[in-house]
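Q: Residue numbers (our numbering): 2 to 301. Got a structure here, written out as structure tokens. Questions coming.
Written out as structure tokens, the structure reads:
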């Protein structure tokens, strides 16, 4: 298991703030005698665990500036519907102001939806969201987005560079948050179980864990069409629109390596959360036949 830094770096909302790009050294290929090294998946490749974090950082450094454009192009805008539905199902602000943490949310689209929903439906201007991402370039995109909103330079939003697997107890204390969200991120983490345990640690008793992620399609015909589109069209779009085929090839492959609904629901329970039954509409709720899926749990 890689050793993770417990330090985080807060990105303060100041117009003059400069985001520092994370430095990535060239990844060395593992030596032939490293047979005892623990491995994990990077798309369809098997790599040593200590390499994956750098590889994923490189992917998101590459795609950050085109991330929203590519999401719109590859999903024909449907990702917006999934995210709207995801946040609406959580009804932030319904029981008063909430303290929220959005992990892997660098571009800020989930955080903005949470704040807008609380304001528009419950006249709540006190709910806060702390946006966490391991990638400084993604956080830079989120900061630029929020500069154009009423939330800029308010206590309602803040950005922090940190690792989802080990947020750090000094900055992100135990039993601190009412809502933990993570959207289209957890499949990129080296140790999913560690992410879930950190989510459980930082949530208050009664707090909600909510994950929106690509998942397994439950209709054979839809699965066949989806696979053909994913492996043929999306990498091609990555080449044309972002000049980066390899990153989008990885993102497609990473979806297929993510645990299916039943397995992921059990991982959430193993981390200490209570969930519904292992059925659609219980422990999870499929979107568009399972192309995307919302998983949720409550900290008891």
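Even for Gly, the Cβ is constructed at its ideal location relative to N, Cα and C. The structure presented is a predicted model; accordingly, all values stated were derived computationally and were not measured.
For the alpha helix (DSSP H) containing residue 54, name the first residue and the last one.
A: Numbered from 1 along the chain shown, position 53 holds the residue referred to as residue 54. Looking at the DSSP string, the run of the alpha helix (DSSP H) that includes residue 54 is 50-64.
Q: List the endpoints of the continuous alpha helix (DSSP H) containing residue 198.
A: Your numbering for residue 198 matches position 197 in the chain shown. Per DSSP, residue 198 belongs to the alpha helix (DSSP H) from 193-203.
Q: For residue 285, which residues in the same chain have their Cβ closer than 7 Å to its Cβ, ignoring the five residues on either side in sequence?
A: For the purposes of this step, residue 285 is identified with residue 284 of the chain shown, where counting begins at 1. Cβ within range, chain order: 262, 266, 294, 295, 296.
Q: Taking the alpha helix (DSSP H) that residue 216 falls in, what are its first and last residues?
A: Here residue 216 refers to the residue found at position 215 of the chain shown. Segment: none, residue 216 is in no alpha helix (DSSP H) and carries neither H nor E.
Q: For residue 67, name the three-state secondary structure that DSSP assigns.
A: Residue numbering aside, residue 67 sits at position 66 when the chain shown is read from its first letter. Correct three-state label for residue 67: helix.
Q: Given a threshold of 16 other Cβ atoms within 10 Å of its Cβ, counted over all protein chains shown, does residue 90 qualify as buried or as exposed?
A: As a working mapping, residue 90 is identified with position 89 in the chain shown. Exposed, because fewer than 16 other Cβ atoms sit within 10 Å of the Cβ of residue 90.
Q: Hey, residue 215 and residue 241: beta-carbon distance below 9 Å or not?
A: Along the chain shown, one-based indexing puts residue 215 at 214. Along the chain shown, one-based indexing puts residue 241 at 240. No, the pair does not count as a contact, with Cβ atoms beyond the cut-off.
Q: So, helix, strand or coil for residue 206, using DSSP?
A: Sequence index remark: in the chain shown, residue 206 carries index 205 (1-based). It is a strand residue.
Q: Measure the alpha-carbon distance for residue 135 versus residue 185 and round it to whole angstroms.
A: As a first step, residue 135 is located in the chain shown; it is residue number 134 there, counting from the start. As a first step, residue 185 is located in the chain shown; it is residue number 184 there, counting from the start. The straight-line gap from Cα to Cα measures roughly 14 Å.
Q: Is residue 176 closer than 9 Å to residue 203 when the C-beta atoms are compared?
A: Reading the chain shown from its first residue, position 202 is the one you call residue 203. Reading the chain shown from its first residue, position 175 is the one you call residue 176. Taking 9 Å as the Cβ cut-off, residue 203 and residue 176 qualify as a contacting pair.
Q: Does DSSP classify residue 121 as helix, strand or coil?
A: Here residue 121 refers to the residue found at position 120 of the chain shown. Three-state result, residue 121: helix.
Q: Give the DSSP-derived three-state secondary structure of residue 240 in the structure shown.
A: As a position in the chain shown, residue 240 is number 239, starting the count at 1. Residue state, collapsed to three classes: helix.
Q: From residue 280 to residue 154, what does the alpha carbon distance come to, in whole angstroms?
A: Here residue 280 refers to the residue found at position 279 when the chain shown is read from its first residue. Here residue 154 refers to the residue found at position 153 when the chain shown is read from its first residue. Between residue 280 and residue 154, the C-alpha separation is close to 42 Å.
Q: Taking only runs of the beta strand (DSSP E) that begin and end inside the stretch 261-291, which ones reach a length of at least 3 residues, in chain order?
A: Counting only runs of 3 or more, we get 285-288.
Q: Suppose you measure from the CA of residue 34 to the CA of residue 60; what does that come to, to the nearest Å?
A: For the purposes of this step, residue 34 is identified with residue 33 of the chain shown, where counting begins at 1. For the purposes of this step, residue 60 is identified with residue 59 of the chain shown, where counting begins at 1. Any reading at residue 34 needs caution, since the residue's pLDDT is 47, under 50, leaving its predicted position unreliable; the model's value is listed next. Rounded to whole angstroms, residue 34 to residue 60 spans 28 Å at the Cα level.
Q: Between which two residues does the alpha helix (DSSP H) containing residue 141 stretch?
A: For this step, residue 141 is matched to residue 140 along the chain shown. From DSSP, the alpha helix (DSSP H) with residue 141 extends over 137-147.
Q: In angstroms, rounded to a whole number, what distance separates the CA positions of residue 238 and residue 282?
A: Residue 238 sits at position 237 when you count from the first residue of the chain shown. Residue 282 sits at position 281 when you count from the first residue of the chain shown. Each residue's Cα considered, the two are about 33 Å apart.
Q: Under the DSSP definition of a beta bridge, which residues are partnered with residue 295?
A: On the chain shown, position 294 is the one that residue 295 refers to. BP columns for residue 295 point to 213, 286.
Q: So, using beta-carbon positions, are residue 124 and residue 95 closer together than 9 Å?
A: The count along the chain shown starts at 1 and reaches residue 124 at position 123. The count along the chain shown starts at 1 and reaches residue 95 at position 94. Against a cut-off of 9 Å, the Cβ pair of residue 95 and residue 124 comes out as no contact.
Q: Give the single residue among 254, 299, 269 whose Cα lies nearest to the Cα of residue 46.
A: Against the chain shown, residue 46 aligns to sequence position 45. Nearest option by C-alpha distance: 254.
Q: Please report how far the alpha carbon of residue 274 lies from the alpha carbon of residue 51, in whole angstroms.
A: Your numbering for residue 274 matches position 273 in the chain shown. Your numbering for residue 51 matches position 50 in the chain shown. Cα to Cα, residue 274 sits roughly 28 Å from residue 51.
Q: Report the rounded CA-to-CA distance for residue 338 versus residue 249, giving the unit in angstroms.
A: The structure shown does not extend to residue 338, since the chain spans only 2 to 301, so no value can be given for it.
Q: Just the C-alpha distance for residue 260 and residue 211, rounded to the nearest angstrom, thanks.
A: Counting from 1 along the chain shown, the entry for residue 260 is found at position 259. Counting from 1 along the chain shown, the entry for residue 211 is found at position 210. Rounded to whole angstroms, residue 260 to residue 211 spans 16 Å at the Cα level.
Q: Which complete alpha helix (DSSP H) runs does the stretch 69-133 hold, if anything under 4 residues is left out?
A: Listed in chain order, they are 79-91, 110-123.
Q: Beta carbon of residue 112, beta carbon of residue 143: below 9 Å?
A: What you label residue 112 is simply residue 111 of the chain shown in a count that begins at 1. What you label residue 143 is simply residue 142 of the chain shown in a count that begins at 1. The answer is yes: Cβ separation under 9 Å.
Q: Using a Cβ-Cβ cut-off of 6 Å (strictly less than) and excluding sequence neighbours within five positions of residue 192, which residues of its own chain qualify?
A: Locating residue 192 in the chain shown gives position 191, where the first residue counts as 1. Here the set comprises 166.
Q: For residue 146, I'd like the list of residues in its chain whose CB is within less than 8 Å of its CB, leaving aside the five on either flank, ordered along the chain.
A: Working through the chain shown from its first residue, we reach residue 146 at position 145. Correct list, in chain order: 108, 109, 110, 113.
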